[in-house]
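In our numbering, the protein residues as written are 206 to 489. Every residue, glycine too, gets a C-beta built ideally from N, C-alpha and C.
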């Protein structure tokens, strides 16, 4: 056997081993979560409010709070992210300035989530006096997911063939018309995929909402964006760290983790389906 064949054999088997190890840990992780939390899952668990110090009842307020925080953060971040990506790709001059912006975006993507929480506390809760509320939490989460939307939208716009633009310019279209009628429709499936992935990221974050939006316990649903809410990530954290009855709180925390995990996996599955259909329907 030649040296080249030996290297290829070792490389392939190392890759296979890492994949198998990753799958084993993933399966063990899912089994642990389901074994410890499956006993509390029921329709009442999903549709009722907690009671008796969160030792009974369900997590409906936490589900609603997570939904409000996630959707509002995406509504805020999505147009900003797409417009930023359009500027970087279509109007990006001078090059040194665009490089600085991209460096800033990549740096923002690498900032620990707890730092976003402290930023939201200092700016939105204290400086702007939004207090601990859905609005403060959503604004904080929108900054967190903004780099994801910008990067995915930028890559989607770059993938649109330049011939499309040239053909439109040849027919007398303006820059604005080319972007609105040619570039955005062609890039939209990939842009939406990035946006959906950002929903999963926002839904699963604990640290950014810990100081800005989440409350330990409430039976009431929010009446406006200025109310504080329960949220599933913080609910899990609170039950595991501050619960006074661990024999009852721990299974509820694991049950909440199953619901949150299914939510995030479902969102990622939607993104995969959209991407697959887009690739099948792509004509270029």
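query: Does DSSP put residue 256 in a helix, in a strand, or in coil?
result: The count along the chain shown starts at 1 and reaches residue 256 at position 51. DSSP places residue 256 in the strand class (E or B) of the three-state scheme.
query: How should residue 267 be labelled, buried or exposed, when 16 other C-beta atoms within 10 angstroms of its C-beta is the threshold for buried?
result: As a position in the chain shown, residue 267 is number 62, starting the count at 1. The residue in question, residue 267, is buried, as its Cβ has 16 or more Cβ neighbours within 10 Å.
task: Using 10 angstroms around the beta-carbon of residue 467, count the other beta-carbons present and answer buried if the total reaches 16, otherwise exposed.
output: What you label residue 467 is simply residue 262 of the chain shown in a count that begins at 1. Exposed, since its Cβ has fewer than 16 Cβ neighbours within 10 Å.
task: Compare the Cα-Cα distances from residue 431 to each of 460, 336, 463, 413 and report the closest residue.
output: Taking the first residue of the chain shown as position 1, residue 431 is located at position 226. Each of 460, 336, 463, 413 was checked against the Cα of residue 431, and the nearest Cα belongs to 336.
Every unbroken alpha helix (DSSP H) inside the stretch 241 to 315 [4 residues or more]: Fully enclosed alpha helix (DSSP H) runs of 4 or longer: 248 to 252, 265 to 295, 300 to 314.
task: Tell me whether the beta-carbon of residue 347 lies closer than 8 Å to the beta-carbon of residue 396.
output: Indexing the chain shown from 1 puts residue 347 at position 142. Indexing the chain shown from 1 puts residue 396 at position 191. Result no, Cβ atoms of residue 347 and residue 396 do not sit closer than 8 Å.
Option in 479, 386, 258, 407 with minimal Cα separation from residue 398: In the chain shown, the residue the question calls residue 398 occupies position 193. Ranking 479, 386, 258, 407 by Cα distance to residue 398 puts 479 first.
- prompt: Which stretch, first to last residue, makes up the alpha helix (DSSP H) that contains residue 399?
  reply: One-based indexing of the chain shown puts residue 399 at position 194. 389 to 408 is the span of the alpha helix (DSSP H), which, as asked, contains residue 399.
task: Please say whether residue 270 and residue 415 have beta carbons closer to each other than 8 Å?
output: Taking the chain shown and counting its residues from 1, one reaches residue 415 at position 210. Taking the chain shown and counting its residues from 1, one reaches residue 270 at position 65. Not in contact: residue 415 and residue 270 (Cβ atoms no closer than 8 Å).
- request: Spatial neighbours of residue 406 within its chain, please: CB distance less than 8 Å, with the 5 preceding and 5 following residues excluded, ordered by chain position.
  value: Stepping through the chain shown from its first residue, residue 406 is reached at position 201. The answer, listed in chain order, is 349, 350, 353.
field: CB contact flag (residue 444, residue 457, <8 Å)
entry: On the chain shown, position 239 is the one that residue 444 refers to. On the chain shown, position 252 is the one that residue 457 refers to. Closer than 8 Å, so yes.
- prompt: How long is the line joining the alpha carbons of residue 305 and residue 355, rounded to whole angstroms?
  reply: Within the chain shown, the letter at position 100 stands for residue 305. Within the chain shown, the letter at position 150 stands for residue 355. Rounded to whole angstroms, residue 305 to residue 355 spans 15 Å at the Cα level.
field: Buried versus exposed, by CB contacts within 10 Å (16 or more), residue 193
entry: Given a span of 206 to 489 for the chain in the structure shown, any question on residue 193 remains unanswerable.
- prompt: Near residue 410, which residues of its chain fall below 7 Å by C-beta distance, leaving aside the five closest residues on each side in sequence?
  reply: For the purposes of this step, residue 410 is taken as the residue at position 205 of the chain shown. Counting only Cβ-Cβ distances below 7 Å, and skipping sequence neighbours, we find 318, 346, 349, 438.
- prompt: DSSP beta-bridge partners for residue 434?
  reply: Against the chain shown, residue 434 aligns to sequence position 229. DSSP output for residue 434 lists 419 as bridge partner(s).
task: Determine contact between the stretch 359 to 366 and the stretch 285 to 302, defined as no fewer than three beta-carbon pairs at a distance below 8 Å.
output: Flag = yes, the stretch 359 to 366 and the stretch 285 to 302 touch.
message: Helix, strand or coil, according to DSSP, for residue 209 in the structure here?
response: Translated into positions along the chain shown, residue 209 becomes position 4. In the structure shown, the three-state DSSP call for residue 209 is helix.
- prompt: Do you know whose CA, among 245, 228, 261, lies nearest residue 462's CA?
  reply: For the purposes of this step, residue 462 is taken as residue 257 along the chain shown, with counting starting at 1. That would be 245, whose Cα lies nearest to the Cα of residue 462.
message: Ignoring anything shorter than 4 residues, give me the alpha helix (DSSP H) runs that lie fully in the stretch 311 to 354, in order along the chain.
response: The stretch 311 to 354 contains these whole alpha helix (DSSP H) runs: 318 to 325.
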